[in-house]
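Numbering (this note's numbering), first residue to last: 106 to 470.
The C-beta atom is built at its ideal place from N, Cα and C for all residues, glycine as well.
Every value quoted in this text rests on a predicted model; they were computed, and no experiment measured them.
Report on the following structure.
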Amino acid sequence: DKGPYRHYMLKEIFEQPTVIADTLEGRIHDGRLLESCFGVGASALLDQVRQVHIVACGTSYHAGLVARYWLEELGVPASVEVASEYRYRDPVIAPGTLFVSISQSGETADTLAALRGAKARGCLGSLAICNVPESSLVRESGLVLMTRAGREIGVASTKAFTTQLVALRLLSIALGRRHALTLEREQLLVSELTALPAQVEAALALNKDIERLAEAFADKHHALFLGRGTQYAVAMEGALKLKEISYIHAEAYAAGELKHGPLALVDPTMPVLCVLPDNALQEKVVSNLQEVRARGGELFLFADAGLDVHFEGSGVHLLRVGPVSDSIAPVVFTVPLQLLAYHVAVLKGTDVDQPRNLAKSVTVE
Ligand code: F6R
Numbered sequence: 106d107k108g109p110y111r112h113y114m115l116k117e118i119f120e121q122p123t124v125i126a127d128t129l130e131g132r133i134h135d136g137r138l139l140e141s142c143f144g145v146g147a148s149a150l151l152d153q154v155r156q157v158h159i160v161a162c163g164t165s166y167h168a169g170l171v172a173r174y175w176l177e178e179l180g181v182p183a184s185v186e187v188a189s190e191y192r193y194r195d196p197v198i199a200p201g202t203l204f205v206s207i208s209q210s211g212e213t214a215d216t217l218a219a220l221r222g223a224k225a226r227g228c229l230g231s232l233a234i235c236n237v238p239e240s241s242l243v244r245e246s247g248l249v250l251m252t253r254a255g256r257e258i259g260v261a262s263t264k265a266f267t268t269q270l271v272a273l274r275l276l277s278i279a280l281g282r283r284h285a286l287t288l289e290r291e292q293l294l295v296s297e298l299t300a301l302p303a304q305v306e307a308a309l310a311l312n313k314d315i316e317r318l319a320e321a322f323a324d325k326h327h328a329l330f331l332g333r334g335t336q337y338a339v340a341m342e343g344a345l346k347l348k349e350i351s352y353i354h355a356e357a358y359a360a361g362e363l364k365h366g367p368l369a370l371v372d373p374t375m376p377v378l379c380v381l382p383d384n385a386l387q388e389k390v391v392s393n394l395q396e397v398r399a400r401g402g403e404l405f406l407f408a409d410a411g412l413d414v415h416f417e418g419s420g421v422h423l424l425r426v427g428p429v430s431d432s433i434a435p436v437v438f439t440v441p442l443q444l445l446a447y448h449v450a451v452l453k454g455t456d457v458d459q460p461r462n463l464a465k466s467v468t469v470e
């Protein structure tokens, strides 16, 4: 039942504050993570983890990319790869490797094959971050952390992605504890997670503004999405959403890569979308954007409300998000990009919930 919403995708976007809160429920207490959320015997296994291999496909892979920054920041070595590559490589699985799969459906053929391969190569253990309790991935993994997004009907994944990020934030706390994470920092991270549903709610309040912004986007054929750090992965996810449901060709680049090629594409007909949170990289991103403006590129900027950013001239669309703390910014900044893709698709008249050529669950390779 879509309730008051025109499409399942929009309904699922608006469910995010609730399902994020559900995904945290009973897993944090008194400013700390409860490790029992990973299942029986998890703590003893986590003690032995030296590094993490994260493997997934599509949107779930983008969640993994964000998690790499989170894990490394806390001293935990991590690699991330799409399952269709990982399964056919000869990955070296060093002692102490935890294999982490991320999947909404838990039935993605490549992700399952990658898990089986890692087990055959003797990984220390496996953890599935998954949305379907009775799925193959859950059955075949030693540890499980369920996202509690509820059934996701829209083919383009939205609430599954943001709850995956929440689950990965919990995993990074668990492993971080065994590396560089202090008690004080853990309490801060947990309090920021607790604030997340309200922050996502505030991002959803931008819906009307984004609907207007979508009008400036709907006649475009191409777009560049830029970000740095965790927001590079957010830009990748935003570009994927736009491609999937509006059929506009969108490419994400790490903002620092712009001058190594894609800048040649920038002219007044090329929209450039950028996510700009308030963190140590913001000045670098702003200088990349000045290069875009100097070439007349139309800029769609989603910037943290706490930042003092100004761009001269017309062709700049500035939308304020937050202010939001860096540890949860990838979740919050994802929301306006989901809404933008949605409204552009509606304007273009595509089948939003069932985009052409795509299936909800990819059970064949
Ligand atoms: C994008 C999308 C796909 C899936 C991918 C993996 O909106 O839905 O890219 O993320 O097919 O699916 P799961 O997460 O079920 O393994």
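- Where T202 is concerned, the enclosing beta strand (DSSP E) starts and stops at 202 to 208.
- Scanning its chain for C-beta atoms nearer than 8 Å, with the 5 sequence neighbours on each side dropped, one finds around H422 the residues L318, A321, E403, L404, F405, L406, in chain order.
- Sequence-distant Cβ neighbours of V305 in its own chain, meaning closer than 8 Å and more than five residues away, are Q121, P122, I125, T267, V436, V437, V440.
- Straight across, the Cα-Cα distance linking P200 with L370 is about 45 Å.
- If you draw a straight line from the Cα of D324 to the Cα of V157, it is about 42 Å long.
- The beta carbon of I315 sits closer than 8 Å to those of L424, P441, L444, L445, H448, all from its chain and outside the five residues before and after it, given in chain order.
- Pairing V467 with T374, the inter-Cα distance amounts to about 35 Å.
- Nearest neighbour of D409 by Cα position, chosen from E140, G131, V429, turns out to be V429.
- For R425, the enclosing beta strand (DSSP E) starts and ends at 421 to 426.
- Burial check for E117: the Cβ neighbour count within 10 Å reaches 16 or more, so the residue is buried.
- As the crow flies, the alpha-carbon of L242 is around 8 Å from that of T213.
- The beta carbon of C228 lies closer than 6 Å to those of I198, T202, F204 in the same chain, with the five residues before and after it left out.
- Every unbroken stretch of the alpha helix (DSSP H) spanning 4 or more residues and falling wholly within the segment 288 to 314 is given here in chain order: 288 to 299, 301 to 309.
- Selection around ligand 1 by beta-carbon proximity, strictly under 5 Å to any non-hydrogen atom, yields C162, G163, T164, S165, S208, Q209, S210, T213, A261, S262, V467 in chain order.
- Inclusion of L176 and S246 in the CB contact set at 8 Å is not warranted, their separation being larger than that value.
- In this structure, A272 keeps its C-beta atom at 8 Å or more from the C-beta atom of T287.
- Cβ atoms of P460 and I350 come within 8 Å of each other, at about 5 Å.
- Per DSSP, reduced to three states, the secondary structure at L229 is coil, with no helix or strand assignment.
- A distance below 6 Å between beta-carbons, with the five flanking residues on each side excluded, links V390 to the following residues of its chain, in chain order: R333, A360, L381.
- Taking 8 Å as the cut-off, the Cβ atoms of V249 and G144 count as close.
- For L345, the uninterrupted alpha helix (DSSP H) run begins and ends at 335 to 351, by DSSP.
- For a cut-off of 8 Å, the C-beta gap from G411 to D383 is around 5 Å, short enough to register as a contact.
- Rounded to whole angstroms, the gap between the alpha carbons of V339 and E470 is 25 Å.
- Separation of the CB atoms of A219 and S206 is rounded to 7 Å, and the pair is thereby assigned contact status at 8 Å.
- A distance below 8 Å between beta-carbons, with the five flanking residues on each side excluded, links G418 to the following residues of its chain, in chain order: R398.
- In the structure shown, the three-state DSSP call for H284 is coil.
- C-alpha of L329 to C-alpha of A161: approximately 24 Å in a straight line.
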